[in-house]
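So the sequence shown is numbered by the numbering used here: it starts at 3 and just counts up by one.
The structure under discussion appears below in the form of C-alpha cells.
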Amino acid sequence: MQKLVSFEKAVKTKYPEQVVIVIAKNKAGKANPVTLGWTMIASYDPPMMAVGVYKGHYSVRCIRHSKCFTIVYPSSDMAKAALFFGSHSGRDTDKLKEFRTKTAPAKKIKSVLLADAVANFECRLVKQIATGDHITFFGEIVCSHINKKTKKRLYSLGKGHKLGAA
Ligand SMILES: Cc1cc2nc3c(=O)[nH]c(=O)nc-3n(C[C@H](O)[C@H](O)[C@H](O)COP(=O)(O)O)c2cc1C
Numbered sequence: 003m004q005k006l007v008s009f010e011k012a013v014k015t016k017y018p019e020q021v022v023i024v025i026a027k028n029k030a031g032k033a034n035p036v037t038l039g040w041t042m043i044a045s046y047d048p049p050m051m052a053v054g055v056y057k058g059h060y061s062v063r064c065i066r067h068s069k070c071f072t073i074v075y076p077s078s079d080m081a082k083a084a085l086f087f088g089s090h091s092g093r094d095t096d097k098l099k100e101f102r103t104k105t106a107p108a109k110k111i112k113s114v115l116l117a118d119a120v121a122n123f124e125c126r127l128v129k130q131i132a133t134g135d136h137i138t139f140f141g142e143i144v145c146s147h148i149n150k151k152t153k154k155r156l157y158s159l160g161k162g163h164k165l166g167a168a
C-alpha cells in the first residue's frame, strides 16, 4: 500500500546512496575534487558513466574547461576527505592541498587519481545535458584502476551527509 507524499519526502528514502569524488582541472592546472551522490553507469560498451553537478558549482567550469575528469570510488575510510571536498569550493580553496590526500597521475587524461580509493575511472567528456538545476556530464571511460588492497566503498547513509560503509 502506498501513500501520496511530496517528492522531497519520498526521495529521502533513497539511502544508502553511493558516493563518488569527481576530479577535474581548472585553467591554471589545479585539480579540483568534488563529492557527488548523483552518479550512474551509463553504458557498458563503450564504458560510460554520468554524474549530476549543480549548475553553480565551480566543478562545472573545471569539467567544461578540461573536457575530462576522474570518477573516484572513495573507500569507507575516506569519509572525512569526502566531506571536506563536498563542503568547500574550488573557487577559493585548493582542496587537495588543504586536505592532504595522496594522489597519483592519471594515465590517459589530464587529471589525477586518489591513491587510497577503491577504484578510479579516467573519463573523457562526451556529452553534457542541462537537467533542470544540474548539468549531467557523460564521460567515456578510457582507463580504469582498482586498489591492490580490498576496501569497502563509501556511502551516504542518511540526510545530513552521514558517511560510512553500507
Ligand atoms: C555526500 C555528498 C554528496 C553530494 N552530492 C552532490 C551531487 O550529487 N551533486 C552536486 O552538485 N553536489 C553534491 N554535493 C555538494 C558538493 O560536493 C559541494 O557543494 C561542493 O562544495 C562543490 O564544490 P565545487 O564548488 O568545488 O564544485 C554533495 C556533497 C556531499 C558531502
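Where is the CB? At the ideal position from N, CA and C, for every residue including glycine.
Predicted model, so just to flag it, every value in this text is computed and none were measured.
Query: I want to know whether the region 97-114 touches the region 16-35 - three or more CB-CB distances under 8 Å.; Result: yes
Query: Can you tell me which of 18, 85 and 109 puts its alpha carbon nearest to the alpha carbon of residue 101?; Result: 85
Query: Tell me whether residue 17 sits in a helix, a strand or coil according to DSSP, three-state version.; Result: coil
Query: Spatial neighbours of residue 149 within its chain, please: C-beta separation below 6 Å, excluding the five flanking residues on both sides.; Result: 120
Query: I'd like to check one pair, residue 143 with residue 49: are the Cβ atoms closer than 8 Å?; Result: yes
Query: Taking one C-beta from the region 154-164 and one from the region 4-23 each time, how about it: are there three or more such pairs within less than 8 Å?; Result: yes
Query: Among 145, 157 and 44, which has the Cα closest to the Cα of residue 38?; Result: 157
Query: How is residue 50 classed by DSSP in three states: helix, strand or coil?; Result: strand
Query: Restricting to Cα atoms, I'd like to know which of 141, 116 and 153 is closest to residue 47.; Result: 141
Query: Please list, in chain order, all residues of the same chain as residue 168 whose beta carbon is under 6 Å from its beta carbon, the five residues on each side excluded.; Result: 18 and 157
Query: Taking residue 117 as the reference, give the member of 74, 66, 88 and 41 with the closest Cα.; Result: 74
Query: Among 9, 28 and 128, whose alpha-carbon lies nearest the alpha-carbon of residue 68?; Result: 28
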